[in-house]
Every structure is written in C-alpha cells, then in structure tokens.
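Participant: My questions all concern the structure below.
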Ligand code: GLC
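In the working numbering, the protein residues as written are -16 to 774.
Printed below as a string of structure tokens:
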C-alpha cells in the first residue's frame, strides 16, 4: 500500500518518511509518546480529541539502518520499515510492540453443511472495505483494557469491538460490539509492562483483540487518516496519564455533583417533584440533584417548559434550591420541526442544521416527531447552542443532561452522506457521527461556563475520546438485571482507564423492573461511583430508595449516607483526576500492576488509592471471596479486622453489608451527616485513620475549596498533608501545603482505628481522648503545623 522507503528527513519533532506511494510522518510528542500519521484522507492532522497538542521539545535521534529508519528517544527505540511497518523497543532494546508480518488468517467458519464459509470470516461488510488497518503481533501473555464503554469483561483479549455510537434499547449483552460511546483507545499489558494505543479516527473503527486469530490483533477504519499514538508506560498509570495528557482530563466538578442524584422518566408535573423532594427530607435520605426527563418540556421542544405542568419554572426551581435540590434538565439534540418555535426558526434561518447531500435540511424523527439536527461540528452552531444554555440557566437550572446524541433517530439511521460543516470543511455523517455527542457536550459546557462562571455540570450519553474535558457520562439504557449490575463494574473501570473519570450507570437499572435486593446491591456500588444517579424508564415500577420496604429503605439510606460521609474523600480524588487523569473507579491492576492476580478481577474495584470495594453482584449471595492485592495490608471497614494483601479471604455479606476494605496507612476524610452539600458549613473535618503497618509510613493530601467556582485555579484552595509513621509509636504530622481558601476548617477530629494508647501528645502537650468503635477519638485545632504522638 505504502511501498518501500525512499528517503527520510527530520525537522523539529517530526521525521518525514517518503515511501514510494505516500509520505508518512512520525512525530515525537515527548520521549514516551509517538504519533504515526499518513494522510490517507486529508493532508492535515485535525483532531477532535486532542486540542492544543503539547509537543515537548526533546532531543531524539533519527538514522538510517539496514531496511529501516531508527528513531531513538530517551525512553524508546522505534524502527520503521517498508510498508510503514513499525516495531517499538524500550530503552534497553527489549521489544514492546511489533507489527505483524504474516497474512491475516481468520479462524475457519462453517456453513450448515460443513463447508468452509467465506475466507473473510466474521468480518463485517464495512470492514472488508477498511481503508486503514494496522495489525500487531499478539504475544501469549497479553492483556487488554480500555475501549471506553464496552460490554464484556475487564480484560478485552479475544473481543472484537466496533466504534460507532449506537443507541440500541435491547438488553446490552456481551456480544454487543458497539454502544453509545466511541473511545478508540486501549492499553496493552505484557510481562507486567503496559503501553497504550490511541487511534484518533472518528469514522467507524474496529478493534479485534485476537478474536480473528490469536496470533495478532488489529485496529482498522472504514475511512480517514492513519493517525495513531503509541503511549509507553511501563506503568498503566503512566499510560493513562499520557493518554489524558493528549485528550484532556476531567475537570474538578462542583461538590454537589458528587452527591446523590434522583431521576426517572419523568418527574412531571410539579407536584410529583415536590412529593419526591419531601420524601427525601422526611425520610432522612440525602439528595442533591433531581433530574428532569423529557416531559418537563412543551411538546419535547428543547429549551422550553410545559407551562401546564410547570406554571412558573423560575419560582419552582428557586424553591427547590432553598431546600437544597439542584435541577438538571435533559436537552436532546433533535429540534422539533415546527414553524413558529423560536429555536427551530432561528437555526433554520441561519442554516445551522445538518443537510442532505443536496443542501436540504435533513429531517428524521425523535421524541418531538419530525426533527432537525443542529450541526455541532460547526463552531458557529456550537456558539449558538452555548448561548441557548442561558435560557435554562436563567430559569435556575444547575446542570444539563445531553441525551440521544449518537445521534439517535427513530426513522432509520442518518444516511452516511448527511452533510455537516466541520469548522469550514464539508464533512459527511460517516466522519461526524462519532463526535456529534462530543461537540454537543462541548457547546453545552462552554455555554454553562459562560453564563454561570461556575464549573459546569453536563452529563452526556454519546461521546468520543476527549469528551471528559466537558462532560460526565452515564452508560445509557441498562436494565434492572443482575447481569447489568455485574457488567457495570468492568464497564466503569474501563471507562475510567479511557479518561472518563467521572462516570456512572443508572443505579437500579433503567429498563425492566427493579427488585428490592437488586436495588440495595446497586446502591452499594453506586455509593462509590463518581456519578451516583438512580434513574428508570417510564412504565417501570418505582425504584426510589424507599420504593420497596423498610428494610430496603434502611439499606439504601445507610449507603447514601456513607456516600455523603465520604464526599471529601471522593472530592480529593476528583481533584487528583484534574492533575493526573487517573480515574475514581479503578481496576485493582492500576494500583497493583506487579500483582498478576489482579489482571482479571471483574467484581472488585478500588475507589481512589485507599478504598477497595468487593460488592455482591449476584442475587441471593450472602458470602463471597475477596482478593486483597499484594503489597499492602487491608482493614475490613465494618469489623476493623486487618488482613495481609496477596490472599483471597472469605467475607460474609448479608444484604446490608457491602464488603469494603481500607488500605492500612490510609487517612479517609469524612464529613458530618447532611441532607445536601452545603447544608452545613463543615468546621470540623473528621479524619478516619488506619495506621500503617509497623515500620512503615504513608501520607495523604486533602484538598479544600469553595466547591463551585474556578477560583481554585488561581490558588484559592487549601491543601493539607497528613503524614503517618508507625515506628515505636504512631506519629501523625499535619501540615498545610497551600493556604489560599479563607473558609478553612477550624479543627480536625481524629478517629484512629485499631490502637489502644495510654497517652496522646499533641505538640508536646498531653490531650484527652475517648475510646470509640475499636479506636480512639480526639480533637485538634487547625492552626499551623501539628505533631501528634500516639503512645
Ligand atoms: C433515552 C435515555 C434515557 C431517557 C429517555 C427519555 O432512552 O437514555 O435515560 O430517560 O431517553 O428521555
């Protein structure tokens, strides 16, 4: 296809390799990230995911060797051959990733009469016409992760996936190749070393991780450029860090967005919302957010309210806010085709909708009936859409839920040649489809930011790589099935590894009827997922936390309250996300890459660095094995029993117990109980402390700011460091690393687990302490530095 190498030259960070048929470019983004590019479709490398690419000036070498060009950075050696075959080695010259040289041989398939089916094997029709295909050699002991929101297990070896944003309402099962999101990124691990590949191509792409043939894996696209990044680790953390350096990191949200969200299709009219809100407060179940599904609108016209059901939305939302409830309203992309409807008329007049190939506004059917599709690929349209957010913000809405933006269509799929204006370049639906939701969320984010000045809360169903900069995501229309609770764990872990740190599922399940037991177990998982929203479809049975019986309600209350207690811990992780890109929900392997036993754990996860959750995800199960990763000790959150890592233990887990383990050496900040974020000003922060193993030390950073504005980016935040050292005695030192936010806590309440001291000395002075729950409690003021000794 490319031919043999004719010549090469190096300029800045790029090496241009002239092949017989085309020129390829290899760009050293930094010593461990390399981009490979061939302009098969368009001359320039234009990315929807990588905005403001930061290329580090770094020294590297390029020279001609026998049959190849060798590029050497501080971390990698990249050999490029004829036909643009690429092999990559580490700094010691050990192979990391090699292109496959043989012929592709799909596994044999048989017709009904046992004849060999076509050679093309299982490949899809589109794929047979793939324009770009990269085939890599599979090693025996490889593991794959990432790919965003996909069904199936944590390790993606042996799966074939398609990236084509798809709204399919039937139950999502393991054989599904595509769902709502397309994140063409994966992490490969071999010999405990990881690298990532980000195939930045918005057309329909395919990833076959050894399904076709176990000797190779490939990625391909029906069109577009050959444009992929190789991101070296060797730690998975470095790969995720590198990928999110390219595509961006989820920004710190407003604190309330981490509270509990209640949704259903739909709470409408107004009275039903009051009943819901009163129930939360009356039943002492915390809740911050109520979601308004499509029935709040006037005939599903976006940016309107149904005045019969909500006669005065502004007053109504203001009253809700007084009670601590923020409103998130759904806004779909489909604009009702309706002369006289302001939004429709305005967009039509300005030519802001996608058209057919002859330039006629394209019409399909969604909730409002015949609808048109804003061309979000066009910056002008995004600005217009951003400005429309003001309508909702003026009503007092706190966040926007973008749905149906694959885009969904009830009257058959949008033809591939529906036309968009991709910021000045004419582009067909087949190129824009996978970034339609991405662009919509970007517009929504920018509008909310412009009109409120606060950190926007956007939730989207469809996305592409990089959408994490603008929006949180939920995993679409799951169902109230145990299988879907089980599947949500690897799905969320892989979304997290794919940059989508702020994500969640519909707790309790969207379609189908939930059961009391399923809801309890799902709430236990939801309490640790960054987006904690219970949502269900119309005509399904009620599934609010109290919808079943008292026992179920009590369990739900317990875990929703636990979530509120852990809010400062989860907020700390979100602050880290903005700086590192590492997710909240983590597969164990992310933190314990040296421990091969963690590579295929589907039913446990870490919430940040310190909490391991091993939920029950099967009906009727009351006991389970838990694997505790090697290298740390783990304390049972409920019984305070301590275990060494590197072993399986058996944990009894009756319905009200979700197995939770805290890493020895942890400091977990806790808030006092409240009905919603900000109900009380937290003057005394509790630190739930789990001493390190004897002879060891550990540290924890706690972050505090106003919880809503962008002022933290100007240094208006506090950062506290807690150092724990367990030698002959346990000592704790408290210091302030940044002192920029003026509403600082006045004091700290320390709860130290599993200690029986005779005295406690704070800054040289003995202080009183109480014994409680297998540990001790005492209070210190938060002025200056402290040195605490537990003797
Ligand atoms: C879609 C969404 C779902 C929503 C429904 C009605 O199915 O995925 O969450 O409730 O549309 O708006």
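Just so you know, even glycine gets a beta-carbon here, dropped at the ideal spot from N, CA and C. All values derive from a computational prediction rather than experimental measurement.
Residue 453 to residue 48, Cα distance in whole Å?
Facilitator: Between residue 453 and residue 48, the C-alpha separation is close to 45 Å.
Participant: Kindly indicate which residue of 592, 300 and 38 has the alpha-carbon position closest to the one of residue 220.
Facilitator: Comparing Cα positions, the closest option is 592.
Participant: In chain order, what residues have a CB nearer than 5 Å to some heavy atom of ligand 1?
Facilitator: Listed along the chain, these residues meet the criterion: 248, 276, 277, 386 and 460.
Participant: Please go through the same chain and pick out, in chain order, the residues whose beta-carbon is closer than 8 Å to the beta-carbon of residue 363, but skip the five residues on each side of it.
Facilitator: Excluding sequence neighbours, residue 363 sits near 333 and 335.
Participant: With which residues is residue 244 paired in a DSSP beta bridge?
Facilitator: In the DSSP output, where bridge partners are listed per residue, residue 244 has 272 and 516.
Participant: Which of the three DSSP states, helix, strand or coil, is assigned to residue 402?
Facilitator: The answer is strand: DSSP assigns residue 402 an E or B state.
Participant: At what residue ranges does the region 522 to 591 contain a whole run of the alpha helix (DSSP H), taking only runs of 4 or more?
Facilitator: For the region 522 to 591, whole alpha helix (DSSP H) runs of length 4 or above, ordered along the chain, are 533 to 548, 550 to 563 and 571 to 574.
Participant: Could you check whether residue 33 and residue 151 sit closer than 8 Å to each other, using their CB atoms as the reference points?
Facilitator: No. Outside cutoff.
Participant: Can you tell which of 60, 204 and 36 has the C-alpha that lies nearest to the C-alpha of residue 44?
Facilitator: Cα-wise, what sits closest to residue 44 is 60.
Participant: Taking its Cβ as the centre, do 16 or more other Cβ atoms sit within 10 Å of residue 425, making it buried, or is it exposed?
Facilitator: It is buried - the Cβ of residue 425 has at least 16 other Cβ atoms within 10 Å.
Participant: Under a three-way DSSP split, which group does residue 330 fall into?
Facilitator: DSSP places residue 330 in helix when its eight states are reduced to three.
Participant: Checking the sheet assignment: what are the DSSP bridge partners for residue 366?
Facilitator: None; residue 366 has no bridge partner.
Participant: From residue 345 to residue 517, what distance separates their C-alpha atoms?
Facilitator: Distance between the alpha carbons of residue 345 and residue 517: 35 Å.
Participant: How about residue 701 and residue 723: are their beta carbons less than 8 Å apart?
Facilitator: In contact: residue 701 and residue 723 (Cβ atoms closer than 8 Å).
Participant: Does the beta-carbon of residue 46 have 16 or more other beta-carbons within 10 angstroms, so that it is buried, or is it exposed?
Facilitator: That one is exposed.
Participant: Can you look up residue 316 in the DSSP assignment and give me helix, strand or coil?
Facilitator: Residue state, collapsed to three classes: coil.
Participant: Would you mind reading off the limits of the alpha helix (DSSP H) that contains residue 257?
Facilitator: From DSSP, the alpha helix (DSSP H) with residue 257 extends over 253 to 265.
Participant: How do the region 232 to 243 and the region 202 to 214 stand: do at least 3 beta-carbon pairs fall below 8 Å, yes or no?
Facilitator: At 8 Å Cβ cutoff, the stretches do not touch.
Participant: Looking at C-alpha atoms only, which residue of 729, 610 and 602 is the closest neighbour of residue 581?
Facilitator: Comparing Cα-Cα distances from residue 581 to each of 729, 610 and 602, the minimum goes to 610.
Participant: For the region 68 to 135, which segments carrying the alpha helix (DSSP H) assignment without a break, of at least 4 residues, lie completely within its bounds, in sequence order?
Facilitator: List check, alpha helix (DSSP H) in window: 108 to 111.
Participant: Quick check: the region 696 to 715 against the region 345 to 359, are there 3 or more CB pairs under 8 Å?
Facilitator: Result no; under three Cβ-Cβ pairs closer than 8 Å.
Participant: Using 8 Å as the threshold, is the region 569 to 585 in touch with the region 490 to 502, meaning 3 or more CB pairs across them?
Facilitator: As far as the Cβ criterion goes, the region 569 to 585 does not touch the region 490 to 502, which means the pair count is below three.
Participant: Measure the alpha-carbon distance for residue 705 versus residue 719 and round it to whole angstroms.
Facilitator: Answer to the nearest angstrom: the Cα atoms are 9 Å apart.
Participant: Taking buried to mean at least 16 other C-beta atoms within 10 Å of its own C-beta, is residue 303 buried or exposed?
Facilitator: Result: buried.
Participant: Do you know whose CA, among 630, 510 and 642, lies nearest residue 269's CA?
Facilitator: For the residues 630, 510 and 642, the minimum Cα distance to residue 269 belongs to 510.
Participant: Tell me, which residues are paired with residue 468 by DSSP?
Facilitator: Beta-bridge pairing links residue 468 to no other residue.
Participant: Going by DSSP, name the residue or residues bridged to residue 208.
Facilitator: Bridge partners of residue 208: none, in fact.
Participant: Rounded to whole angstroms, what's the CA-CA distance from residue 727 to residue 675? Just pull it up for me.
Facilitator: Computed Cα separation, rounded: 27 Å.
Participant: Which residue or residues does DSSP assign as beta-bridge partners of residue 410?
Facilitator: Paired residues: 403.
Participant: Just to confirm before moving on: does the CB-CB distance between residue 548 and residue 644 stay below 8 Å?
Facilitator: Their beta carbons are not under 8 Å apart, which means residue 548 does not touch residue 644 by this criterion.
Participant: Distance, Cα to Cα, residue 107 vs residue 159?
Facilitator: Model confidence at residue 107 stands at a pLDDT of 49, short of 50, so the residue's coordinates are unreliable; what they give is reported in the following sentence. The straight-line gap from Cα to Cα measures roughly 14 Å.
Participant: In angstroms, rounded to a whole number, what distance separates the CA positions of residue 275 and residue 73?
Facilitator: Cα-Cα distance, rounded: 52 Å.
Participant: Measuring only the C-alpha atoms, how far is residue 311 from residue 24?
Facilitator: Answer to the nearest angstrom: the Cα atoms are 40 Å apart.
Participant: Determine which residues share a DSSP beta bridge with residue 608 and list them.
Facilitator: DSSP output for residue 608 lists 633 as bridge partner(s).
Participant: Please list, in chain order, all residues of the same chain as residue 326 whose beta carbon is under 6 Å from its beta carbon, the five residues on each side excluded.
Facilitator: So the list reads 286 and 318, once near-sequence residues are dropped.
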